[in-house]
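All residue numbers for the sequence shown refer to my numbering, where the first residue is 66 and numbers rise by one.
Comments concern the structure below.
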Amino acid sequence: MRVVGLGGGIGASRLWRALAATVGAPSLTLVVNTADDLWLHGLRVCPDLDTTLYALSGRQDTERGWGVRGESWRCMDALRHLGEDVWFNLGDLDLATHLRRTGLLRAGAGLASVTATLAAAMGGTARVLPMTEAEVTTRVTTDEGVDLHYEEFLVRHHATLPVRRVRYDGLSGNGPAQPAPGMLDALAGADVVVLGLSNPIASIGPILALPGIREVLRAVADRTVAVSPIVSGIPITEPGERKRAASRAALLAAAGVPATAGGVAGLYAGLCGRFVLDTADATEADDVTAHGVTPILAPTLLHGGAPPSTLVDTVLGVLS
66 MRVVGLGGGI
76 GASRLWRALA
86 ATVGAPSLTL
96 VVNTADDLWL
106 HGLRVCPDLD
116 TTLYALSGRQ
126 DTERGWGVRG
136 ESWRCMDALR
146 HLGEDVWFNL
156 GDLDLATHLR
166 RTGLLRAGAG
176 LASVTATLAA
186 AMGGTARVLP
196 MTEAEVTTRV
206 TTDEGVDLHY
216 EEFLVRHHAT
226 LPVRRVRYDG
236 LSGNGPAQPA
246 PGMLDALAGA
256 DVVVLGLSNP
266 IASIGPILAL
276 PGIREVLRAV
286 ADRTVAVSPI
296 VSGIPITEPG
306 ERKRAASRAA
316 LLAAAGVPAT
326 AGGVAGLYAG
336 LCGRFVLDTA
346 DATEADDVTA
356 HGVTPILAPT
366 LLHGGAPPST
376 LVDTVLGVLS
């Protein structure tokens, strides 16, 4: 079974690990958001790509959700002592990834090739593709008119600022970005396409804004399943999860979309045939159906103890 996943970030990485364990990493292609990428300290940092690579290679700090397990922070501490404004922490082990990536990019390699090199070096066998090789950026405009990189909004400001508008620089006719090599063919040839448990505006939105992606997804909608990143029926207690939930809500509000599973299903209407929402949100099934998408109930909170096998079987259609 050929499975293609679209998304990025911590929530999606949990599902990608479970899928790789079930279908086998060689049968899995992951198309990862790169609109969060940024230059820091002279290095090209790709947060969603690195979260995916670390998760698939078993290196991810699963408690924190991002970065490498057993990390240290001596370089960031030294930068602070030298007067650098460090707001985005890069661990000492993590820095090796950014150094290697930046060196390869400056030597003329494309981001898809660089990502394949990094994945192979980490022992990963799943195919991990950046959504595009062009530099694109999600920008957030606050209610006060301040323009921020999305990571500044999320990490520096902890997703606490009201958002007026979100835009994708370099996308949607505003730049030269094209889907990464092999991406469209992978989608067209997939047995199952999965829209992951990712922020629908910050992580899925940039992928959908690439030329030709919506058209391909419409053509394979009967083979495409989305998993809701939002669970309204279970309280969020962990600080990192609360921050990510606040970011989702703020960005969805700026798009005029309610922060509910039904609201996300409306964004994906016409692009998927099935929509998995958590059993705690069963009352929203009718909202999903109203968007022309078939709702499927399953426990989705993998970090909260939901059985990975049940979610994977549901996503792959075994339990639908």
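Think of the CB as a built atom: it goes at the ideal place given N, C-alpha and C, for glycine as much as any other residue.
Could you check whether residue j and residue i sit closer than 7 angstroms to each other, using their CB atoms as the reference points?
i           : j           : result
residue 230 : residue 319 : yes
residue 292 : residue 341 : yes
residue 123 : residue 159 : no
residue 91  : residue 190 : yes
residue 202 : residue 100 : yes
residue 374 : residue 77  : no
residue 108 : residue 163 : yes
residue 377 : residue 83  : yes
residue 381 : residue 257 : yes
residue 71  : residue 266 : no
residue 274 : residue 236 : yes
residue 98  : residue 187 : no
residue 118 : residue 185 : no
residue 199 : residue 241 : yes
residue 287 : residue 338 : yes
residue 367 : residue 134 : no
residue 192 : residue 127 : no
Excluding the five sequence neighbours on either side, which residues of its own chain have a C-beta within less than 6 angstroms of the C-beta of residue i, listed in chain order?
i           : result
residue 330 : 340, 353, 356, 358
residue 248 : 96, 194
residue 326 : 293, 295, 342, 346, 349
residue 125 : 119
For a test of the three-state rule: what should DSSP assign to residue i, helix, strand or coil?
i           : result
residue 398 : In the structure as shown, the chain begins at 66 and stops at 385. Residue 398 is therefore absent and cannot be evaluated.
residue 153 : coil
residue 185 : helix
residue 163 : helix
residue 252 : helix
residue 131 : coil
residue 204 : strand
residue 126 : coil
residue 258 : strand
residue 75  : helix
residue 228 : strand
residue 363 : strand
residue 236 : coil
residue 197 : strand
Measure from the C-beta of residue i to each C-beta in chain B and report whether the shortest distance is under 7 angstroms.
i           : result
residue 275 : The structure shown contains no chain B, having only a single protein chain.
Using a Cβ-Cβ cut-off of 7 angstroms (strictly less than) and excluding sequence neighbours within five positions of residue i, which residues of its own chain qualify?
i           : result
residue 224 : 218, 308, 311, 312, 315
residue 345 : 296, 298, 299
residue 152 : 220, 221
residue 277 : 244, 249
residue 246 : 177
residue 137 : 156, 157
Comparing C-alpha positions only, which one of the options sits nearest to residue i?
i           : options            : result
residue 208 : 191, 198, 228      : 228
residue 215 : 325, 242, 103, 294 : 103
residue 270 : 152, 67, 73, 253   : 73
residue 112 : 253, 180, 241      : 180
residue 106 : 140, 86, 127       : 140
residue 259 : 244, 328, 285      : 285
residue 154 : 129, 85, 367, 251  : 129
residue 387 : 182, 255, 184, 135 : In the structure as shown, the chain starts at 66 and stops at 385, and residue 387 therefore has no counterpart that could be examined.
residue 116 : 135, 75, 86, 144   : 75
residue 252 : 283, 120, 268      : 283
residue 362 : 351, 125, 317, 226 : 351
Counting only the same chain and skipping the five closest in sequence on each side, list residues whose C-beta sits under 8 angstroms from that of residue i.
i           : result
residue 233 : 100, 201, 202, 203, 204, 239, 270, 271, 274
residue 301 : 307, 310
Uninterrupted beta strand (DSSP E) stretches inside the segment 298-328 (no shorter than 3 residues)
none
Going along the chain, which unbroken runs of the alpha helix (DSSP H) with 4 or more residues stay wholly within the segment 261-292?
270-273, 278-284
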